[in-house]
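Sequential numbering from 51 applies to the sequence shown in my numbering. Single-structure report; data block below.
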Amino acid sequence: MLNKESEGYEAWVRDFEAERERRAATGDPEWERGAALDPALVRSLQRFQVGEDGDGSALIGKADRAGDPHYARAVRLFVAEEQNHARMLALLLAAGGAATLEGHWSDAVFVRLRRLLGLRVELLVLMVAEVVALRYYRAVRDGAPDPLTAEVAGRILADEERHVPFHCRRLREALAPLPAPARRAATLAWQGLLAGAGAVVAVDHGPALRHLAVTRRAFTRDVLRSSGPLAGTIRGAGPAAGLREAARV
């Protein structure tokens, strides 16, 4: 078992590389079996596919400037996993006879927010998208009647459950030099942004959530419930060892 807390980001690099090898050995889902996609779910998946797509150049550049080559390598591997999510979602949509979108306003807003300031702000905004994605892909995995859709969502969810602790670790380090009141203010602001994002996604993707047997209220509630343990670990008030468990709340 990897000890990421004592070994630093070398252990995260090994984790990402091991997952890359496992993914290559497992291979892709069987796209040729096709997918029966509800129209509302198609529209929802199209928007999430746009959000997963991107070259990650801004994040990679900031990681390089942070001065830890192991962290920079881990970020590159993280970006590659996100790009693989976009690829799988595009292939899933194609298996259901649907195309991808060129862009969506929600992704444009998140990208613009992430690029405003330095690595710390970029990661805080990125974590909003990651935590919302945890609940979304869990809903698709558990509620989609189509087997291929559920499989793809399950694969992406497993990655996201690793990504959230990775970003929490870096944010905890980035906030550590700040006084405790400043750390608390930063995480409270993050929780507020997450609450707003969760509500927007619940409304914007409401028809798809209804198809997946998840109400808007339940989706928003679950996103909010997950924010407490994560905020605690980010500001250093919770045990680092519990990060992965917190990502599954």
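Even glycine gets a Cβ: it sits at the ideal position worked out from N, Cα and C.
Q) If you compare alpha carbons, which of S94, L87 and V181 is closest to D272? A) In the sequence shown, residue 272 corresponds to position 222, counting from 1. Answer by Cα proximity: V181.
Q.
Can you look up E80 in the DSSP assignment and give me helix, strand or coil?
A. Within the sequence shown, numbered from 1, the residue matching residue 80 stands at position 30. Coil at E80, not helix or strand.
Q | CA nearest to the CA of G168, picked from S277, G111 and N134 | A | Within the sequence shown, numbered from 1, the residue matching residue 168 stands at position 118. Of S277, G111 and N134, the residue nearest in Cα terms is G111.
**Q.** The alpha helix (DSSP H) enclosing P231, as first and last residue numbers
**A.** Position 181 of the sequence shown, counted from the start, is the residue given in the question as residue 231. Its alpha helix (DSSP H) spans residues A230 to D254.
Q) Which residues bound the alpha helix (DSSP H) around D88? A) For the purposes of this step, residue 88 is identified with residue 38 of the sequence shown, where counting begins at 1. Counting along the chain, D88 falls outside any alpha helix (DSSP H), and DSSP gives it neither H nor E.
Q: Return yes when the Cβ of A200 is within less than 8 Å of the Cβ of Y187, no when it is not.
A: Indexing the sequence shown from 1 puts residue 187 at position 137. Indexing the sequence shown from 1 puts residue 200 at position 150. Their beta carbons are not under 8 Å apart, which means Y187 does not touch A200 by this criterion.
(Q) Just to check my reading of the structure: E143 and Q96 have Cβ atoms closer than 8 Å, yes? What is that Cβ distance to the nearest angstrom? (A) Reading the sequence shown from its first residue, position 93 is the one you call residue 143. Reading the sequence shown from its first residue, position 46 is the one you call residue 96. The sequence as given places Leu at residue 143; Glu does not occur at that position. Yes, they are in contact, since the Cβ atoms of L143 and Q96 sit about 7 Å apart, within 8 Å.
Q: Counting only the same chain and skipping the five closest in sequence on each side, list residues whose C-beta sits under 8 Å from that of R222.
A: Locating residue 222 in the sequence shown gives position 172, where the first residue counts as 1. Correct list, in chain order: T283, I284, R285, G286 and A290.
Q | Buried/exposed call for L174, threshold 16 Cβ in 10 Å | A | The residue given as residue 174 occupies position 124 in the sequence shown. Per the 10 Å Cβ criterion, buried.
Q) Do you know whose CA, among W62, P257 and L274, lies nearest V125's CA? A) Against the sequence shown, residue 125 aligns to sequence position 75. Residue W62 is the option with its Cα nearest to V125.
Q: Identify the continuous alpha helix (DSSP H) that holds L262 and give its terminal residues.
A: Against the sequence shown, residue 262 aligns to sequence position 212. It is not in any alpha helix (DSSP H) - L262 carries neither H nor E in the DSSP assignment.
Q) Does the distance from the C-beta atom of T237 to that of A183 stay below 8 Å? A) Position 187 of the sequence shown holds residue 237. Position 133 of the sequence shown holds residue 183. Going by C-beta atoms, T237 is not nearer than 8 Å to A183.
Q: Classify R219 as helix, strand or coil using the three-state DSSP reduction.
A: As a position in the sequence shown, residue 219 is number 169, starting the count at 1. R219 falls in the helix class under three-state DSSP.
Q. Does the beta-carbon of P119 have 16 or more other beta-carbons within 10 angstroms, so that it is buried, or is it exposed?
A. Your numbering for residue 119 matches position 69 in the sequence shown. Classification for P119: exposed.
Q: Measure the C-alpha to C-alpha separation of A122 and D209 and round it to an integer number of angstroms.
A: Here residue 122 refers to the residue found at position 72 when the sequence shown is read from its first residue. Here residue 209 refers to the residue found at position 159 when the sequence shown is read from its first residue. Spanning the two alpha carbons is a distance of roughly 18 Å.
Q | Under 8 Å between C-beta atoms of G101 and A145 | A | As a first step, residue 101 must be located in the sequence shown, where it is residue number 51. As a first step, residue 145 must be located in the sequence shown, where it is residue number 95. Cβ atoms of G101 and A145: not closer than 8 Å.
Q.
Measuring only the C-alpha atoms, how far is E80 from D254?
A. Position 30 of the sequence shown holds residue 80. Position 204 of the sequence shown holds residue 254. Roughly 30 Å separates the two Cα atoms.
Q: Can you tell me which of the three DSSP states L151 falls into?
A: By one-based count along the sequence shown, residue 151 stands at place 101. DSSP places L151 in coil when its eight states are reduced to three.
Q. If we ignore side chains and look at the alpha-carbon of each, how far apart do D192 and E82 end up?
A. Here residue 192 corresponds to residue number 142 of the sequence shown, with the count starting at 1. Here residue 82 corresponds to residue number 32 of the sequence shown, with the count starting at 1. Taking the straight line from one Cα to the other gives about 22 Å.
Q) Can you name, in chain order, every residue of its own chain whose Cβ lies under 6 Å from the Cβ of L259, other than the five neighbours on each side? A) Stepping through the sequence shown from its first residue, residue 259 is reached at position 209. Closer than 6 Å at Cβ, skipping near neighbours: F269.
**Q.** Residue range of the unbroken alpha helix (DSSP H) whose run includes P119
**A.** Residue 119 sits at position 69 when you count from the first residue of the sequence shown. From DSSP, the alpha helix (DSSP H) with P119 extends over P119 to A145.
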